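What follows is a short report on a single structure.
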């Protein structure tokens, strides 16, 4: 039974620490003190550099570091027609610095007037080619899961004139993702990752209770989300690999949810029609590995047992031990596992609390561990 392509034994979620001059110039652009074209040129320059750094560090799944984004999800979703930012979310968990994500509201029928990620993908491809790595690495695109526009909101944030009932809303949401995936495929994309905090949040008792106040039974909601994601990816060609990354929050090294995967495990592994799972497992918050017993034989888990939240290097022996513990639950053992950090290094522009040098040291260690476990060829 064949396994998915485009994923590697040493892999990554995708975001990397933003260069400080990008952050400074983006703030000037937001305040009307600089030209957006100047910002794009600076982003282009740093993306070209970070492509080379990823490749030289041994990574074969290459991203643009999400250098063009402020938030891992907002910057994408506001490009859908009918979606706007209004105010900020309220939460029982206050992030460092008091930062709260913008609140997304649906003000009209959702549509996809133009490709959102294609230009960024094309530029990333040119830089991979310039680095001499075309055909040797995967050009990875990460976009937010379609659930990100619903979970933290309520019926009041979805315009009732546009959507008197929610079934057409979910239909339109799936359709605009189908259209984006079609555009990405036509441009040459073969690996897309959906970033999803919400299925992981349903593992946290407090967040699960809050979600039930907004959306009803959490078990039904999990199945509804699986159906939404499945419909969103249902028209992908057979040679496009779809991954999902589950995260319990990652802002300036802070997390927001805790709880093992058991409450969503069967939906996650049996109902969800994705090929690869990037799962957060860097500490006890994520529970034990027993939910992996539901993993089908033809799928891969990229096990996030390393931490992007701390500056210190992970202990190699401990990481290898945990990989082997997890493998005991997988039908085909280590063959179905890969290694990564639990999340990106900069899910928001502020980034986690470590230096760029520390980030790259952690990535090089990840590659070193993967080669020790699986051998020098990091392909699955």
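Numbering (full-length UniProt numbering), first residue to last: 1 to 380. All C-beta atoms, glycine included, are put in the ideal place defined by N, C-alpha and C. Only a predicted model underlies this, so the values are computations on that prediction, with no experimental measurement involved.
- Count the other C-beta atoms from every protein chain shown that fall within 10 angstroms of the C-beta of residue 207, then say buried if there are 16 or more, exposed otherwise. For this step, residue 207 is matched to residue 207 along the chain shown. Its Cβ being crowded by 16 or more others within 10 Å, residue 207 is buried.
- Backbone CA spacing between residue 80 and residue 371 [nearest angstrom]: Here the question's residue 80 lines up with position 80 in the chain shown. Here the question's residue 371 lines up with position 371 in the chain shown. Cα to Cα, the separation comes out at about 41 Å.
- What are the boundary residues of the alpha helix (DSSP H) that residue 391 is part of? The shown model of the chain, from 1 to 380, leaves out residue 391, and the question about it has no answer.
- Go through its chain and collect everything with a Cβ distance to residue 382's Cβ below 7 Å, but skip five positions before and after it. The structure shown does not extend to residue 382, since the chain spans only 1 to 380, so no value can be given for it.
- Query: Per DSSP, what kind of secondary structure is residue 169 in: helix, strand or coil?
  - Reply: As a working mapping, residue 169 is identified with position 169 in the chain shown. Three-state result, residue 169: helix.
- Within this structure, are the beta carbons of residue 16 and residue 65 separated by less than 8 Å? The residue you call residue 16 lines up with position 16 of the chain shown. The residue you call residue 65 lines up with position 65 of the chain shown. The answer is yes: Cβ separation under 8 Å.
- Task: Would you mind working out which of 366, 362 and 345 sits nearest residue 339, comparing C-alpha positions?
- Result: Residue mapping note: residue 339 aligns to position 339 of the chain shown, counting from 1. Checked all of 366, 362 and 345; the closest Cα to residue 339 is 366.
- Query: Which residues in the same chain as residue 36 place their Cβ atom closer than 6 Å to its Cβ, once the five residues preceding and following it in sequence are excluded?
  - Reply: By 1-based counting over the chain shown, the position of residue 36 is 36. Cβ neighbours of residue 36 beyond the five flanking positions: 29.
- Query: residue 213 lies in the alpha helix (DSSP H); which residues open and close that run?
  - Reply: Locating residue 213 in the chain shown gives position 213, counting from the first residue. Where residue 213 is concerned, the enclosing alpha helix (DSSP H) stretches over 205-215.
- Report yes if the C-beta distance between residue 141 and residue 61 is below 8 Å; otherwise report no. Mapped onto the chain shown, residue 141 falls at position 141. Mapped onto the chain shown, residue 61 falls at position 61. No, these two residues do not count as a Cβ contact at 8 Å.
- Measure the alpha-carbon distance for residue 277 versus residue 359 and round it to whole angstroms. Position 277 of the chain shown holds residue 277. Position 359 of the chain shown holds residue 359. Distance between the alpha carbons of residue 277 and residue 359 is about 23 Å.
- Beta-carbon separation (whole angstroms), residue 243 vs residue 274, contact threshold 8 Å: Reading the chain shown from its first residue, position 243 is the one you call residue 243. Reading the chain shown from its first residue, position 274 is the one you call residue 274. That belief holds up - the Cβ atoms of residue 243 and residue 274 are roughly 6 Å apart, short of 8 Å.
- Task: Would you mind reading off the limits of the alpha helix (DSSP H) that contains residue 46?
- Result: In the chain shown, the residue the question calls residue 46 occupies position 46. Its alpha helix (DSSP H) spans residues 36-56.
- Host beta strand (DSSP E) of residue 193 (start-end): One-based indexing of the chain shown puts residue 193 at position 193. Annotation for residue 193: the continuous beta strand (DSSP E) segment containing it runs 191-196.
- Query: Where residue 380 and residue 337 are concerned, what is the direct C-alpha to C-alpha distance, given to the nearest angstrom?
  - Reply: Position 380 of the chain shown, counted from the start, is the residue given in the question as residue 380. Position 337 of the chain shown, counted from the start, is the residue given in the question as residue 337. Near 9 Å, if we compare the C-alpha coordinates of residue 337 and residue 380.
- Message: Per the DSSP calculation, residue 142 is bridged to which residue(s)?
- Response: As a first step, residue 142 must be located in the chain shown, where it is residue number 142. Bridge partners of residue 142: 193.
- Start and end residues, beta strand (DSSP E) containing residue 339: In the chain shown, residue 339 corresponds to position 339, counting from 1. From DSSP, the beta strand (DSSP E) with residue 339 extends over 337-341.
- Message: Could you check whether residue 184 and residue 233 sit closer than 8 Å to each other, using their CB atoms as the reference points?
- Response: Against the chain shown, residue 233 aligns to sequence position 233. Against the chain shown, residue 184 aligns to sequence position 184. Contact flag unset, no.
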